[in-house]
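Trainee: Numbering (the working numbering), first residue to last: 10 to 290.
#1: How is the alpha helix (DSSP H) around residue 207 delimited, first residue to last?
#2: Over what stretch of residues does the alpha helix (DSSP H) that includes residue 280 continue unbroken?
#3: Below 8 Å between beta carbons: does that hold for residue 137 and residue 154?
#4: Could you say which of 37, 80 and 55 lies nearest to residue 69 if we only look at CA atoms?
#5: How many whole angstroms separate the CB atoms of residue 147 and residue 236, which I take to be in contact at a CB cut-off of 8 Å?
#6: Out of 157, 201, 141 and 204, which one is the CA nearest neighbour of residue 173?
#7: At 4 residues or longer, what runs of the alpha helix (DSSP H) sit wholly inside the region 103-156?
#8: Tell me which same chain residues have a C-beta within less than 7 Å of the C-beta of residue 246, skipping the five on either side of it?
#9: Pull up the distance between the alpha-carbon of residue 47 and that of residue 22, whole angstroms please.
#10: Terminal residues of the continuous beta strand (DSSP E) containing residue 258?
#11: In three-state DSSP terms, what is residue 81?
#12: Look at the Cβ atom of residue 175, then the Cβ atom of residue 223, and state whether they are nearer than 8 Å.
#13: If the criterion is Cβ atoms closer than 8 Å, does the pair residue 191 and residue 98 meet it?
#14: Since residue 72 is in the alpha helix (DSSP H), which residue starts that stretch and which ends it?
#15: Quick one: which unbroken alpha helix (DSSP H) runs of 4-plus residues sit fully inside the region 14-40? Chain order, please.
#16: Which first and last residues belong to the alpha helix (DSSP H) in which residue 186 is found?
#17: Is it buried or exposed for residue 77, if we count other Cβ within 10 angstroms and need 16 for buried?
#18: Mapping DSSP to helix, strand and coil, what is residue 247?
#19: Measuring only the C-alpha atoms, how far is residue 282 from residue 123?
#20: To the nearest angstrom, how far is the alpha carbon of residue 163 from that of residue 109?
#21: Any idea which residues DSSP pairs residue 283 with across the strands?
#22: Using 10 angstroms around the beta-carbon of residue 111, count the other beta-carbons present and answer buried if the total reaches 16, otherwise exposed.
#23: In whole angstroms, what is the alpha-carbon distance linking residue 229 and residue 150?
#24: Ordered along the chain, which non-local residues of its own chain (more than five positions away) have a Cβ less than 7 Å from that of residue 244?
#25: Rank 60, 206 and 287 by C-alpha distance to the C-alpha of residue 26 and give the top, closest one.
#26: Do residue 120 and residue 208 have their beta-carbon atoms positioned less than 8 Å apart in this structure?
#27: Quick one, are the C-beta atoms of residue 214 and residue 20 less than 8 Å apart?
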């Protein structure tokens, strides 16, 4: 598959699904495999389709006869966390993962794109990331917030990465840490709704907020690295901000600002010696 241009992540995913099928079926018996996939009530049609696509490569390689079943995907909107929920998770993470989640929040990177980053993809002076796009996406430049850039610089200095060295843990590790922090926080704050959010939803959050601020769907498409506009259009109606109200706080000290951030407030602007923060009511 690699020789045909499939990404390492795609090959890994198909391999994992084939191993699961091999444990539960005879891969040489196409009818048995089809029945097994069809009977998995806990699988979505989208997941069944991905398992079938993985098995197709096995069938072709060994010259087996196979009528590929078709599964109609049900349309489902992604979950988009609020600013308060995102900031809570970041604020309750350790220094390293607070930085990692902040990078994903600021840039909308896919987790696999984060893992592929090296120093040659990052301009620390300008605070811009130039990721190698996954899924054949378009090249893009993504700006980091000042606070996130400061954490990233600290991380780079501490680890002294070479130019081509991988800087971040693989996707499985980052996803696992995110879920652990999310679940622990949901229990501590008695907010079970936090458990429905995945690491990938930070990308949905970025896209939704960018469209909310700019109303420029082509800009959102560019920043996400999408090839098709239809993929991006979903972000035009995920959240209705028109009636959103905010609680606003003004502070003067770092200690006061820290407490607000830990409570889910986000920084808005600065007026003289006063910094303004807000969070949805």
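The beta-carbon is built from N, C-alpha and C at its ideal position, and this holds for glycine as well.
Mentor: If we stick to the structure as given:
#1: Unbroken run through residue 207: none, as it is neither H nor E.
#2: No alpha helix (DSSP H) contains residue 280, which is instead part of the beta strand (DSSP E) from 275-280.
#3: Not a contact, by the Cβ cut-off of 8 Å.
#4: 37
#5: 7 Å
#6: Distance from the Cα of residue 173 is smallest, within the candidate group 157, 201, 141 and 204, for 141.
#7: 104-116 and 120-125
#8: none
#9: 19 Å
#10: 255-260
#11: coil
#12: no
#13: yes
#14: No alpha helix (DSSP H) holds residue 72; DSSP gives it neither H nor E.
#15: 17-33
#16: Segment 180-198, the alpha helix (DSSP H) holding residue 186.
#17: exposed
#18: Of the three classes helix, strand and coil, the one that applies to residue 247 here is coil, per DSSP.
#19: Near 36 Å, if we compare the C-alpha coordinates of residue 123 and residue 282.
#20: 12 Å
#21: In the DSSP output, where bridge partners are listed per residue, residue 283 has 280.
#22: buried
#23: 12 Å
#24: 216, 217, 220 and 229
#25: 60
#26: yes
#27: no
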